[in-house]
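Report on the structure given below.
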Amino acid sequence: MSPESQLLGANAVRLGLTAADKTEALNQAGALLVEIGAATEAYADALHERETSVSTYVGEGVAIPHGTNESREYIERAALGYLQFPEGVDWDGETVYVCVAIASKSEEHVDILSALAQVLMDPAKAEQLRTATSADDVLSLLSPEPNQE
Amino acid sequence: MPTVNGSEVTKVIVACDAGMGSSVMVASNLRSKLRAKGIDVVHTPVNEIPEGAKLVLCHQGLAARAQSTAPNAVVVPFSIFIGDPAFTRVEDAILQGKTLES
Chain A
13 MSPESQLLGA NAVRLGLTAA DKTEALNQAG ALLVEIGAAT EAYADALHER
63 ETSVSTYVGE GVAIPHGTNE SREYIERAAL GYLQFPEGVD WDGETVYVCV
113 AIASKSEEHV DILSALAQVL MDPAKAEQLR TATSADDVLS LLSPEPNQE
Chain B
334 MPTVNGSEVT KVIVACDAGM GSSVMVASNL RSKLRAKGID VVHTPVNEIP
384 EGAKLVLCHQ GLAARAQSTA PNAVVVPFSI FIGDPAFTRV EDAILQGKTL
434 ES
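These protein sequence lines map, in sequence, to chains A and B.
Here the first sequence is numbered in our numbering, starting from 13 and rising by one per residue.
Here the second sequence is numbered in our numbering, starting from 334 and rising by one per residue.
This is how it looks when you write it as structure tokens:
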């Protein structure tokens with residue numbers, strides 16, 4: 013298994029979820045990171061704390077919840093999770109359809125986030141990310157591309 | 334207020350609260366635009382902006398903290414992570430040698 017697929021595995025892709033509000037969505041994101049062995053409850057709590065300083069909404073219906081700088085010590089291993097909310101979740105006035113939850117101590121996840129940034133720059137790909145119907149779709153959209161020099 | 338001419342910039346710092354999420358994405362996009370020019374683009378937590386930083390990009394909600402961490406740096410705030418006009422302004426300043434200020 014490549015390091016990338018360990019970072020975001022099919023078991024961390026959750027489709028068709030519902031959440032009444034941002035707090036509930038963050039609870040689910042935190043619980044997912046705990047469930048896959050990426051972090052402890054204390055890190056899950058820090059997702060809420062981080063949102064109170066600046067929203068992690070990044071555009072195109074996507075938010076990237078993660079902990080605070082101080083909460084890094086509660087990360088067990090670097091991992092990401094994908095949570096899809098087809099009905100949308102109100103996120104401080106924006107509507108979020110996808111959360112990409114992040115637990116990372118250093119640079120392990122940079123390639124996947126770069127892939128996410130490229131997806132969000134392309135409205136058609138962003139739409140695919142929001143409406144993915146299988147874990148494979150999600151994993152292939154977020155697989156790091158070779159560096160283009 | 335600090336100012337810097339884009340032609341003097343060799344390194345752009347992108348700062349966010351934890352240096353884990355949004356700054357990584359912004360740095361990635363900016364790096365792809367500035368790579369050809371040989372500009373280094375790095376991401377960092379806002380409290381750990383390196384000494385000697387000349388140009389810092391960060392979310393507007395963190396701009397005051399970034400400026401206090403790096404009083405001599407030009408801090409350019411942005412409000413959205415994808416497609417904010419601030420990114421274009423920084424790219425233009427670097428590629429065309431225009432002046433930026435905090």
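Positions of the beta carbon are idealized from the N, C-alpha and C atoms, including for glycine.
**Request:** Report the neighbours of B/A351 on chain A: residues whose CB is nearer than 7 Å to its CB, in chain order.
**Result:** R62, H78, G79, T80 and N81
**Message:** Extract the residue ranges of the beta strand (DSSP E) inside the region 108 to 152 of chain A, only unbroken runs of 3 or more that lie entirely within it.
**Reply:** none
**Buried versus exposed, by CB contacts within 10 Å (16 or more), A/G93** = buried
**Request:** Taking only beta carbons into account, state which residues of the region 115 to 140 of chain A come closer than 7 Å to chain B, listed in chain order.
**Result:** S116, V122, L125, S126, L128, A129, L132 and M133
**Message:** Taking a contact to mean a Cβ-Cβ separation below 7 Å, would you say B/A386 touches B/A403 in this structure?
**Reply:** yes
**Asked** Just reading off the beta strand (DSSP E) that A/P77 is part of, what are its end residues?
**Response** That residue, A/P77, is in no beta strand (DSSP E); it is neither H nor E in DSSP.
**Residues near B/L395 by beta carbon distance below 6 Å, same chain, minus five either side** = V379
**Request:** Check the Cβ of B/L395 against every Cβ in chain A and list those closer than 9 Å, keeping chain order.
**Result:** S65 and V66
**Message:** In the DSSP output, what is B/E434 paired with across the bridge?
**Reply:** B/T336
**Message:** Can you tell me which residues form a DSSP beta bridge with A/V70?
**Reply:** According to DSSP, A/V70 bridges with nothing at all.
**Asked** Are the region 131 to 149 of chain A and the region 46 to 64 of chain A touching by the rule of at least three beta carbon pairs closer than 8 Å?
**Response** no
**Request:** State the DSSP-derived secondary structure class of A/T52, mapped to helix, strand or coil.
**Result:** coil
**Request:** Return no unless some Cβ of chain A is closer than 7 Å to the Cβ of B/M334.
**Result:** no
**Prompt:** Touching or not, the region 132 to 140 of chain A and the region 337 to 352 of chain B, by the rule of three or more beta carbon pairs under 8 Å?
**Reply:** no
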